[in-house]
Amino acid sequence: MTLKLRSAAVTHRGLIRSGNQDSVHAGPWLVAVADGMGGMAAGDLASTIVIEAIAPLDVATPDEALVGALQEAVEVASAGIRQAVAEDPDRQGMGTTLTALLFSATGTCLALGHIGDSRAYLLRGENLRQLTRDDTFVQMLVDDGVITPEEASSHPRRAVVTQALQGEKVSPAYLTLVPEAGDRWLLCSDGLSNVVRGDTLAEALTSYPDREHCAQRLVDLALRAGGPDNITVIVADVVAED
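According to this note's numbering, the sequence shown is numbered sequentially starting from 709.
In C-alpha coordinates form, the structure reads like this:
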(Lines of atoms letter the chains of each structure in order from A; the text may use other names.)
(Lines give C-alpha, C1' and ligand atoms only; values in the text may rest on other atoms or scores of the structure.)
Protein backbone atom coordinates (compact mmCIF):
# COMPACT_ATOMS: atom_id res chain seq x y z
CA MET A 709 0.00 0.00 0.00
CA THR A 710 1.17 3.51 -0.86
CA LEU A 711 -0.07 6.78 0.57
CA LYS A 712 -1.75 9.11 -1.92
CA LEU A 713 -3.23 12.59 -1.76
CA ARG A 714 -6.86 12.99 -2.82
CA SER A 715 -8.42 16.45 -2.82
CA ALA A 716 -11.48 18.56 -3.56
CA ALA A 717 -11.74 22.34 -3.88
CA VAL A 718 -14.58 24.86 -3.76
CA THR A 719 -14.29 28.61 -4.32
CA HIS A 720 -16.96 31.31 -3.98
CA ARG A 721 -16.83 35.09 -4.35
CA GLY A 722 -18.76 35.56 -1.10
CA LEU A 723 -21.76 37.77 -0.50
CA ILE A 724 -20.19 41.23 -0.68
CA ARG A 725 -17.33 41.22 -3.20
CA SER A 726 -18.23 41.76 -6.86
CA GLY A 727 -15.64 39.26 -8.08
CA ASN A 728 -13.33 36.48 -6.90
CA GLN A 729 -9.62 37.27 -6.56
CA ASP A 730 -8.78 33.81 -5.19
CA SER A 731 -7.16 31.14 -7.35
CA VAL A 732 -6.85 27.46 -6.51
CA HIS A 733 -5.21 24.24 -7.68
CA ALA A 734 -6.20 20.81 -6.39
CA GLY A 735 -4.38 17.90 -8.02
CA PRO A 736 -2.99 14.46 -7.14
CA TRP A 737 0.39 15.77 -5.95
CA LEU A 738 -0.15 19.47 -5.35
CA VAL A 739 -2.82 21.58 -3.68
CA ALA A 740 -2.53 25.37 -3.45
CA VAL A 741 -4.56 28.45 -2.55
CA ALA A 742 -3.70 32.01 -3.57
CA ASP A 743 -5.64 35.07 -2.38
CA GLY A 744 -5.03 38.11 -4.55
CA MET A 745 -4.88 41.70 -3.33
CA GLY A 746 -4.30 45.16 -4.71
CA GLY A 747 -7.43 46.01 -6.67
CA MET A 748 -9.88 43.82 -8.50
CA ALA A 749 -8.11 43.24 -11.81
CA ALA A 750 -4.62 43.23 -10.31
CA GLY A 751 -5.50 40.88 -7.44
CA ASP A 752 -7.09 38.51 -9.89
CA LEU A 753 -4.01 38.60 -12.06
CA ALA A 754 -1.53 38.15 -9.21
CA SER A 755 -3.21 35.03 -7.83
CA THR A 756 -3.56 33.60 -11.34
CA ILE A 757 0.13 34.18 -12.08
CA VAL A 758 1.15 32.39 -8.90
CA ILE A 759 -1.09 29.36 -9.41
CA GLU A 760 0.04 29.05 -13.03
CA ALA A 761 3.66 29.17 -11.85
CA ILE A 762 3.20 26.47 -9.22
CA ALA A 763 0.80 24.17 -11.11
CA PRO A 764 3.62 22.44 -13.08
CA LEU A 765 4.78 20.93 -9.75
CA ASP A 766 1.74 18.63 -9.83
CA VAL A 767 3.92 15.67 -10.80
CA ALA A 768 5.69 12.87 -8.95
CA THR A 769 8.60 14.54 -7.13
CA PRO A 770 11.30 12.87 -4.99
CA ASP A 771 11.23 13.52 -1.25
CA GLU A 772 14.48 15.47 -1.24
CA ALA A 773 13.36 17.79 -4.07
CA LEU A 774 10.05 18.99 -2.61
CA VAL A 775 11.18 22.17 -0.86
CA GLY A 776 13.51 23.17 -3.69
CA ALA A 777 10.69 22.74 -6.20
CA LEU A 778 8.41 25.00 -4.17
CA GLN A 779 11.15 27.60 -3.78
CA GLU A 780 11.83 27.67 -7.52
CA ALA A 781 8.13 27.99 -8.32
CA VAL A 782 7.81 30.93 -5.91
CA GLU A 783 10.73 32.64 -7.65
CA VAL A 784 9.05 32.11 -11.03
CA ALA A 785 5.79 33.49 -9.63
CA SER A 786 7.53 36.57 -8.21
CA ALA A 787 9.19 37.22 -11.55
CA GLY A 788 5.82 36.93 -13.28
CA ILE A 789 4.25 39.48 -10.95
CA ARG A 790 7.25 41.79 -11.38
CA GLN A 791 6.88 41.57 -15.17
CA ALA A 792 3.13 42.25 -14.99
CA VAL A 793 3.75 45.43 -12.97
CA ALA A 794 6.46 46.53 -15.41
CA GLU A 795 3.97 46.14 -18.27
CA ASP A 796 1.34 48.28 -16.51
CA PRO A 797 2.42 50.63 -13.67
CA ASP A 798 -1.22 50.84 -12.52
CA ARG A 799 -0.69 47.32 -11.17
CA GLN A 800 1.89 48.57 -8.68
CA GLY A 801 1.09 47.13 -5.24
CA MET A 802 -0.73 44.06 -6.48
CA GLY A 803 0.14 40.80 -4.78
CA THR A 804 -1.12 37.52 -3.48
CA THR A 805 -0.83 35.05 -0.66
CA LEU A 806 0.21 31.47 -1.34
CA THR A 807 -0.26 28.34 0.71
CA ALA A 808 0.82 25.17 -1.10
CA LEU A 809 1.20 21.51 -0.16
CA LEU A 810 3.37 19.23 -2.31
CA PHE A 811 3.14 15.46 -1.84
CA SER A 812 6.11 13.24 -2.72
CA ALA A 813 6.21 10.44 -5.28
CA THR A 814 6.82 7.85 -2.57
CA GLY A 815 4.05 9.08 -0.29
CA THR A 816 6.52 9.27 2.58
CA CYS A 817 7.02 13.04 2.71
CA LEU A 818 5.24 16.29 1.99
CA ALA A 819 6.32 19.91 1.93
CA LEU A 820 4.34 22.99 2.85
CA GLY A 821 5.14 26.45 1.50
CA HIS A 822 3.44 29.56 2.83
CA ILE A 823 3.36 33.34 2.63
CA GLY A 824 0.54 35.69 3.60
CA ASP A 825 -2.61 34.98 5.58
CA SER A 826 -4.15 32.01 3.82
CA ARG A 827 -3.85 28.95 6.05
CA ALA A 828 -3.12 25.23 6.19
CA TYR A 829 -4.59 23.03 8.92
CA LEU A 830 -3.87 19.37 9.62
CA LEU A 831 -6.52 17.14 11.19
CA ARG A 832 -4.80 14.04 12.57
CA GLY A 833 -7.13 11.89 14.60
CA GLU A 834 -9.28 14.36 16.51
CA ASN A 835 -6.57 17.03 16.76
CA LEU A 836 -6.77 20.00 14.40
CA ARG A 837 -3.57 22.07 14.17
CA GLN A 838 -2.88 25.23 12.21
CA LEU A 839 0.51 24.61 10.56
CA THR A 840 0.98 28.04 9.00
CA ARG A 841 1.66 31.33 10.73
CA ASP A 842 -0.25 34.35 9.43
CA ASP A 843 2.01 37.04 7.96
CA THR A 844 -0.15 39.81 9.43
CA PHE A 845 0.14 42.83 11.69
CA VAL A 846 -2.18 41.33 14.30
CA GLN A 847 -0.17 38.09 14.40
CA MET A 848 2.88 40.18 15.24
CA LEU A 849 0.89 41.72 18.09
CA VAL A 850 -0.11 38.26 19.31
CA ASP A 851 3.49 37.03 19.11
CA ASP A 852 4.62 40.05 21.16
CA GLY A 853 1.93 39.43 23.76
CA VAL A 854 0.20 42.76 23.05
CA ILE A 855 -3.16 41.14 22.25
CA THR A 856 -4.64 37.66 22.61
CA PRO A 857 -5.58 35.38 19.69
CA GLU A 858 -9.23 36.03 20.58
CA GLU A 859 -8.70 39.80 20.34
CA ALA A 860 -6.89 39.34 17.03
CA SER A 861 -9.99 37.82 15.43
CA SER A 862 -11.88 41.12 15.76
CA HIS A 863 -8.98 43.58 15.56
CA PRO A 864 -9.64 46.46 13.08
CA ARG A 865 -6.26 45.86 11.39
CA ARG A 866 -6.54 42.08 11.08
CA ALA A 867 -6.51 42.35 7.27
CA VAL A 868 -3.09 44.06 7.16
CA VAL A 869 -0.68 41.57 5.59
CA THR A 870 3.03 41.97 6.34
CA GLN A 871 4.30 39.61 3.62
CA ALA A 872 2.91 38.60 0.23
CA LEU A 873 4.17 37.76 -3.23
CA GLN A 874 4.48 41.16 -4.93
CA GLY A 875 7.48 40.71 -7.17
CA GLU A 876 9.96 41.71 -4.47
CA LYS A 877 12.27 39.72 -2.23
CA VAL A 878 10.32 37.84 0.46
CA SER A 879 10.88 35.05 2.96
CA PRO A 880 8.21 32.36 2.63
CA ALA A 881 8.06 29.65 5.29
CA TYR A 882 8.73 26.03 4.33
CA LEU A 883 8.43 22.84 6.33
CA THR A 884 8.35 19.12 5.67
CA LEU A 885 6.26 16.46 7.39
CA VAL A 886 5.76 12.71 7.28
CA PRO A 887 2.17 11.99 6.20
CA GLU A 888 -0.02 9.36 7.82
CA ALA A 889 -3.01 7.50 6.42
CA GLY A 890 -6.13 9.25 7.62
CA ASP A 891 -4.62 12.74 7.71
CA ARG A 892 -7.00 15.39 6.47
CA TRP A 893 -5.66 18.75 5.31
CA LEU A 894 -7.56 22.01 5.02
CA LEU A 895 -6.10 24.82 2.93
CA CYS A 896 -8.15 27.99 2.79
CA SER A 897 -8.16 31.71 2.13
CA ASP A 898 -8.98 34.06 4.98
CA GLY A 899 -12.54 34.33 3.70
CA LEU A 900 -13.08 31.12 5.67
CA SER A 901 -10.68 31.39 8.61
CA ASN A 902 -11.60 34.99 9.47
CA VAL A 903 -15.27 34.19 10.03
CA VAL A 904 -15.43 30.52 11.10
CA ARG A 905 -13.96 29.46 14.43
CA GLY A 906 -11.38 26.70 14.72
CA ASP A 907 -13.65 24.37 16.68
CA THR A 908 -16.32 24.73 13.98
CA LEU A 909 -13.74 23.94 11.29
CA ALA A 910 -12.73 20.81 13.21
CA GLU A 911 -16.34 19.72 13.59
CA ALA A 912 -16.99 20.03 9.85
CA LEU A 913 -13.77 18.23 8.93
CA THR A 914 -14.66 15.29 11.19
CA SER A 915 -18.38 15.18 10.37
CA TYR A 916 -18.21 15.10 6.56
CA PRO A 917 -16.11 12.16 5.31
CA ASP A 918 -16.75 13.01 1.65
CA ARG A 919 -14.19 15.60 0.58
CA GLU A 920 -16.47 17.44 -1.84
CA HIS A 921 -19.31 17.64 0.67
CA CYS A 922 -16.90 18.76 3.39
CA ALA A 923 -15.42 21.56 1.26
CA GLN A 924 -18.89 22.78 0.32
CA ARG A 925 -19.99 22.65 3.96
CA LEU A 926 -17.07 24.86 4.97
CA VAL A 927 -17.91 27.39 2.26
CA ASP A 928 -21.54 27.35 3.38
CA LEU A 929 -20.44 28.08 6.95
CA ALA A 930 -18.49 31.12 5.77
CA LEU A 931 -21.49 32.33 3.77
CA ARG A 932 -23.76 31.91 6.81
CA ALA A 933 -21.29 34.05 8.74
CA GLY A 934 -21.84 36.86 6.24
CA GLY A 935 -19.40 35.89 3.47
CA PRO A 936 -17.60 39.26 3.56
CA ASP A 937 -14.66 38.06 1.46
CA ASN A 938 -13.85 35.56 -1.27
CA ILE A 939 -13.85 32.01 0.11
CA THR A 940 -11.62 29.20 -1.15
CA VAL A 941 -11.39 25.80 0.49
CA ILE A 942 -9.37 22.66 -0.29
CA VAL A 943 -9.98 19.46 1.64
CA ALA A 944 -7.23 16.91 0.97
CA ASP A 945 -7.05 13.41 2.42
CA VAL A 946 -4.03 11.14 2.76
CA VAL A 947 -5.28 7.67 1.79
CA ALA A 948 -3.64 4.25 1.45
CA GLU A 949 -4.06 2.74 -2.01
CA ASP A 950 -2.58 -0.17 -3.94
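Backbone N, C-alpha and C fix where the C-beta goes; we use that ideal spot for every residue, glycine too.
CA-CA distance, A794 to S786, rounds to 12 Å. Counting along the chain, the unbroken beta strand (DSSP E) around R837 starts and ends at N835 to Q838.
Counting other Cβ atoms within 10 Å of its Cβ, L883 stays below 16 and is therefore classed as exposed. In this structure, the CA atom of V878 is about 16 Å from the CA atom of F845. Exposure of M709 is indicated by the presence of fewer than 16 other C-beta atoms within 10 angstroms of its C-beta. Under the DSSP assignment, R827 falls in the beta strand (DSSP E) whose first and last residues are R827 to R832. Annotation for L774: L810, S812, C817, L818, A819 and T884 place their beta carbon closer than 8 Å to its own, counting only its chain and skipping 5 residues before and after. Q791 sits exposed, since fewer than 16 C-beta atoms from the chains shown fall within 10 Å of its C-beta.
Here the stretch 730 to 746 makes contact with the stretch 895 to 912; the two share three or more CB pairs at distances below 8 Å. Secondary structure of H863 (DSSP, three-state): coil. In the structure shown, C922 falls within a helical segment according to DSSP collapsed to helix, strand and coil. Pairwise C-beta distances place the stretch 712 to 724 in contact with the stretch 935 to 945, as three or more of them are shorter than 8 Å. For E783, the enclosing alpha helix (DSSP H) has its first and last residue at L774 to E795.
Contact between the stretch 753 to 765 and the stretch 845 to 855 is absent, with fewer than three C-beta pairs closer than 8 Å.
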